[in-house]
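Enquirer: Pasting in a structure now, in structure tokens, and then I'll have a few things to ask.
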Amino acid sequence: MIGGIPETQEMLDFCAEHGIVADIELIRGIRSTKRGKRMVKGDVKYRFVIDSATLAG
């Protein structure tokens, strides 16, 4: 699917109206050997999303 900002907003509005959400696993920080090993092993059920509030500045 290709589109600009209006099409993206329309899709996001549709998802919000219909309760469509992404399945994610929120992770803290990015320096984790354990998470890296899980990705290589294929043991990741959902998409990893990094909580940027936990990153050191």
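Counting from 775, one number per residue, gives the positions in the sequence shown under the working numbering. Note that the Cβ used here is the ideal one computed from N, Cα and C, for glycine as well.
Under the DSSP definition of a beta bridge, which residues are partnered with I824?
Expert: Beta-bridge pairing links I824 to I801.
Enquirer: State the Cα-Cα distance for the pair G816 and G810, rounded to the nearest angstrom.
Expert: 10 Å
Enquirer: Quick one: Cα of V818 to Cα of R812, how far?
Expert: 6 Å
Enquirer: Please check the pair L786 and D825, which I expect to be a contact at CB under 8 Å, by giving their CB distance rounded to whole angstroms.
Expert: Going by Cβ atoms, the distance from L786 to D825 rounds to 21 Å, so no, they are not a contact pair.
Enquirer: Within 8 Å: the Cβ of C789 and any heavy atom of the ligand HEM?
Expert: With respect to the ligand HEM, the structure shown offers nothing to examine, as it has no ligands at all.
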